[in-house]
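K.L.:
One structure is given below, represented as structure tokens, and several questions about it will come after.
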Amino acid sequence: MTAGPATVADTLAGVPTARQVRTHLRRARSRHHDHSLGDVLGDAYVMVLFVGMYGWFAISASRNLLDSPTVGRAEPGVRWWLAVAALLAGAGLAWRGLRALGPLLVTPATQSWAVSAPIDRRAWLAPRFVLLLVGAAAGTAALAVAVAALGGVSDPTALGWAAAAGAGWGAAALALSVVAQSSRSGRRWPTVVGAVPMAAAAVITAVVVLVGRFGDGLPRPATTPTIALVALAVPLAVLGAIRAVRALPGVDRATLTTGAQFANAAATATILLDPSLLAGLVESRRWRRIGRVRSRRFRPGPGWWALLQADVRRLRRHPSAVLIWAALIGVQYAAALALPGLAGAAQVVFAYLAADRLTGGLRAVSRSPGLRRALGGSDNLLRGIHVVVPAVGAGLWWLLTLPTVDPGPAWLAPTLALGVVAAAFRAGTRPPIDYGGTTVNTPFGMIPVDLLRQGSRGPALIAVLVLVQLFLG
């Protein structure tokens, strides 16, 4: 049950408040660990120092790389507008990430013992919301400063305005995502909020690519509208925070635990170095959203022909794979304009990402022995049938992006394209990870060599192809 503004704790005698339950849990946890406040502050100091030191090193190295002859010269306006498109695309992806996480989430124990109890839902979730709001504002402020520094801004005042803009928009996004979490299912505005920046990024990228290839390029604005961004972000953040606090009682238990499942899967996949753990959850969620499909008969023919039709039909029911495949074509053209010296290497990497989006059938067949037994035939035959779609997609993608790279030897392009297909095949047919392999003791600690080898199946071949392209392209 969900408690409203007039809480059940006010009407039922003996029901503790959210603060009392939180205090009791904090005291219970303190009896199970001996970490002092100084230890916590010391760990936080080390973390901040680590992020600041290596973050600034990464920014400096990136600025030197952009100005180096290896990358090549590009029009400043082209890079500026493509950076705007990248930020908009990042905002859209961040919104989707917030929607997948919740962002408010609780553990199963908290759901059973606290969220299901007659405790004021707003009082219980408010501290979590405040921490998330502060964390989002601080994280996006640091990201905005990093982007501004990467663009060559060194004035402290300008960096301060950039931090204010990043903090405002980060807080607004977090608050609005909480409002979306409390909304009833079927509402369209959360989807629209995530789609608008992605569509704007696609339009800007298309315009920059067309003007850059057939015109003189877009000019860079004389001044960056940072103050205007702050003026828009601050009222939106305040309004969003007020709406989010009012919407906290409407956040139900289902949405609180769904985000926890996603977060646990992401953490487990990171620790175990097995992305399939997270990919499996995302895949199951996607097919559950489809719900019901319209069944049609396959065209008559042999068994392999039916399996190939099923793999093609899988793409029709998963249109985002084809959309990402097409979007990567525009990304390749944009990369060729912004980083002309790395256009060939970018083509190899993006071709692999585009082909990998089409390997859903190959992954499903390779990771399910029961499915292979049900379909019949040898394992090599089933994998060969399901590699046709990613092979055709990779070949078509490569042909469409040939104008973005300088022609090398006649054999280089076909070899790289075949290598990309082989890398996608190796990644799609990767067996379950075996954690009992060889480890090597180094001055930096124990390194699981065999585990890294299994996880790099596919990307390792792409790294070799990138080196070949850089030296021979």
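Residue numbers (this note's numbering): 1 to 473.
For each residue, glycine too, the CB sits at the ideal point set by N, CA and C.
What's the call for R50, buried or exposed, on a 16-neighbour Cβ count within 10 Å?
P.N.:
Taking the first residue of the sequence shown as 1, we reach residue 50 at position 50. Going by the sequence as given, residue 50 is Phe instead of Arg. Burial call: exposed.
K.L.:
Could I get the ranges of all uninterrupted alpha helix (DSSP H) runs contained in the stretch 141–217, with 4 residues as the minimum, in chain order?
P.N.:
The qualifying runs are 156–182 and 189–214.
K.L.:
Looking only at its own chain, which residues have a Cβ that is under 6 Å from the Cβ of W304, when we skip the five neighbours before and after it?
P.N.:
Stepping through the sequence shown from its first residue, residue 304 is reached at position 304. Cβ within range, chain order: I385.
K.L.:
Please go through the same chain and pick out, in chain order, the residues whose beta-carbon is closer than 6 Å to the beta-carbon of A327, but skip the five residues on each side of it.
P.N.:
Here residue 327 is taken as the residue at index 327 of the sequence shown, counted from 1. Correct list: empty, nothing qualifies.
K.L.:
Nearest by alpha-carbon distance to F214: which of N380, L337 and T442 is it?
P.N.:
Counting from one through the sequence shown, the residue named residue 214 turns up at place 214. Among N380, L337 and T442, the Cα nearest to that of F214 belongs to L337.
K.L.:
With distance defined between alpha-carbon atoms, name the residue in R383, L132 and A254 nearest to A167.
P.N.:
Counted from its first residue, the sequence shown places residue 167 at position 167. The shortest C-alpha separation from A167 is found at L132.
K.L.:
Below 8 Å on the Cβ atoms is my contact criterion, and I expect P249 with S177 to pass it. Report the Cβ-Cβ distance as a whole number of Å.
P.N.:
Position 249 of the sequence shown, counted from the first residue, corresponds to residue 249. Position 177 of the sequence shown, counted from the first residue, corresponds to residue 177. Actually they are not in contact, since the Cβ atoms of P249 and S177 sit about 17 Å apart, beyond 8 Å.
K.L.:
Judging by CA-CA distance, which residue of A163, V208 and V211 is the nearest neighbour of V234?
P.N.:
Your numbering for residue 234 matches position 234 in the sequence shown. Checking every option, the nearest Cα to that of V234 belongs to A163.
K.L.:
If you draw a straight line from the alpha carbon of Y435 to that of R288, how long is it in whole angstroms?
P.N.:
Along the sequence shown, one-based indexing puts residue 435 at 435. Along the sequence shown, one-based indexing puts residue 288 at 288. For Y435 and R288, the distance between alpha carbons rounds to 31 Å.
K.L.:
Under three-state DSSP, which class holds I447?
P.N.:
Stepping through the sequence shown from its first residue, residue 447 is reached at position 447. Reduced to three states, the DSSP call for I447 is strand.
K.L.:
Helix or strand or just coil, what does DSSP make of T17?
P.N.:
Your numbering for residue 17 matches position 17 in the sequence shown. Coil at T17, not helix or strand.
K.L.:
For V196, tell me which candidate among A265, A391 and W95 has the shortest Cα-Cα distance.
P.N.:
Your numbering for residue 196 matches position 196 in the sequence shown. The shortest C-alpha separation from V196 is found at W95.
K.L.:
Between Y333 and V209, which are expected to be in contact by the criterion C-beta below 8 Å, what is the C-beta distance as a whole number of angstroms?
P.N.:
Taking the first residue of the sequence shown as position 1, residue 333 is located at position 333. Taking the first residue of the sequence shown as position 1, residue 209 is located at position 209. Correct: roughly 5 Å between the Cβ atoms.
K.L.:
Does the Cβ-Cβ distance between W161 and T223 come in under 9 Å?
P.N.:
Within the sequence shown, residue 161 is the residue found at index 161, counting from 1. Within the sequence shown, residue 223 is the residue found at index 223, counting from 1. No.
K.L.:
Whole angstroms is fine: what's the gap from A343's alpha carbon to L472's?
P.N.:
For the purposes of this step, residue 343 is identified with residue 343 of the sequence shown, where counting begins at 1. For the purposes of this step, residue 472 is identified with residue 472 of the sequence shown, where counting begins at 1. One C-alpha to the other measures close to 13 Å.
K.L.:
Taking the alpha-carbon of V440 as reference, which of V449, I433 and P432 has the nearest alpha-carbon?
P.N.:
Start at 1 with the first residue of the sequence shown, and residue 440 comes out as number 440. Comparing Cα-Cα distances from V440 to each of V449, I433 and P432, the minimum goes to V449.
K.L.:
Going by DSSP, what residue range makes up the beta strand (DSSP E) through T442?
P.N.:
Mapped onto the sequence shown, residue 442 falls at position 442. Residues V440 to T442.
K.L.:
CA-CA distance, T70 and L470?
P.N.:
Numbered from 1 along the sequence shown, position 70 holds the residue referred to as residue 70. Numbered from 1 along the sequence shown, position 470 holds the residue referred to as residue 470. About 10 Å.
K.L.:
For the alpha helix (DSSP H) containing T325, list its first residue and its last residue.
P.N.:
For the purposes of this step, residue 325 is taken as residue 325 along the sequence shown, with counting starting at 1. Residue identity differs from the one stated: residue 325 is Trp in this sequence, not Thr. Here the alpha helix (DSSP H) through W325 covers P319 to A338.
K.L.:
Around the Cβ of T442, are there at least 16 other Cβ atoms within 10 angstroms (buried) or fewer (exposed)?
P.N.:
Counted from its first residue, the sequence shown places residue 442 at position 442. The residue is exposed, with fewer than 16 neighbouring Cβ atoms inside 10 Å.
K.L.:
At the level of alpha carbons, what is the spacing between D120 and A180?
P.N.:
Position 120 of the sequence shown, counted from the first residue, corresponds to residue 120. Position 180 of the sequence shown, counted from the first residue, corresponds to residue 180. So the alpha carbons of these two residues sit roughly 20 Å apart.
K.L.:
Can you name the start and end residues of the alpha helix (DSSP H) that G90 belongs to?
P.N.:
Along the sequence shown, one-based indexing puts residue 90 at 90. Unbroken alpha helix (DSSP H) run through G90: P76 to L101.
K.L.:
Is the beta carbon of L174 sitting closer than 9 Å to the one on G240?
P.N.:
Here the question's residue 174 lines up with position 174 in the sequence shown. Here the question's residue 240 lines up with position 240 in the sequence shown. Yes, Cβ-Cβ distance for L174 and G240 is below 9 Å.
K.L.:
Out of I324, V466 and G361, state which residue places its alpha-carbon closest to the alpha-carbon of T429.
P.N.:
By one-based count along the sequence shown, residue 429 stands at place 429. Comparing Cα positions, the closest option is G361.
K.L.:
Looking at I433 and the ligand FMN, is the gap between the Cβ and the nearest heavy atom below 8 Å?
P.N.:
Judged by which ligands are present, the structure shown has none, so any question about the ligand FMN falls away.
K.L.:
Is it buried or exposed, S112, if we count other Cβ atoms within 10 angstroms and call 16 or more buried?
P.N.:
In the sequence shown, the residue the question calls residue 112 occupies position 112. By the 10 Å Cβ count, S112 comes out exposed.
K.L.:
Give the secondary structure of P219 by DSSP, where H, G and I count as helix, E and B as strand, and everything else as coil.
P.N.:
For the purposes of this step, residue 219 is taken as residue 219 along the sequence shown, with counting starting at 1. In this structure, P219 counts as coil in the three-state DSSP scheme.
K.L.:
Round the Cβ separation of A427 and G458 to the nearest angstrom and send it over; I've been treating them as touching at under 8 Å.
P.N.:
To locate residue 427, count along the sequence shown from 1; it is residue 427. To locate residue 458, count along the sequence shown from 1; it is residue 458. A427 to G458, Cβ: 3 Å. Contact.
K.L.:
Go through its chain and collect everything with a Cβ distance to L461's Cβ below 7 Å, but skip five positions before and after it.
P.N.:
For the purposes of this step, residue 461 is taken as residue 461 along the sequence shown, with counting starting at 1. Only G419, A422, A423 and R426 meet the Cβ criterion.
K.L.:
Do A89 and A265 have their beta-carbon atoms positioned less than 9 Å apart in this structure?
P.N.:
Here residue 265 corresponds to residue number 265 of the sequence shown, with the count starting at 1. Here residue 89 corresponds to residue number 89 of the sequence shown, with the count starting at 1. No, Cβ-Cβ distance for A265 and A89 is not below 9 Å.
K.L.:
Which value, in whole angstroms, describes the spacing of the CA atoms of V78 and S295?
P.N.:
Taking the sequence shown and counting its residues from 1, one reaches residue 78 at position 78. Taking the sequence shown and counting its residues from 1, one reaches residue 295 at position 295. Computed Cα separation, rounded: 47 Å.
K.L.:
Relative to the C-alpha of W56, which candidate in R99, W124 and L150 has its C-alpha closest?
P.N.:
Within the sequence shown, the letter at position 56 stands for residue 56. Checking every option, the nearest Cα to that of W56 belongs to L150.
K.L.:
Of the residues L382, L272, V211 and L277, which one's Cα is nearest the Cα of V365?
P.N.:
Residue 365 sits at position 365 when you count from the first residue of the sequence shown. That would be L382, whose Cα lies nearest to the Cα of V365.
K.L.:
Judging by CA-CA distance, which residue of G455, I59, Q347 and G52 is the nearest neighbour of P407?
P.N.:
Within the sequence shown, numbered from 1, the residue matching residue 407 stands at position 407. Nearest of G455, I59, Q347 and G52 to P407, Cα basis: Q347.
K.L.:
Hey, could you find the ends of the alpha helix (DSSP H) S378 is sitting in?
P.N.:
Here residue 378 corresponds to residue number 378 of the sequence shown, with the count starting at 1. That residue, S378, is in no alpha helix (DSSP H); it is neither H nor E in DSSP.
K.L.:
Nearest to T438 by alpha carbon, out of L452, E283 and P432?
P.N.:
On the sequence shown, position 438 is the one that residue 438 refers to. Out of L452, E283 and P432, L452 has the C-alpha closest to the C-alpha of T438.
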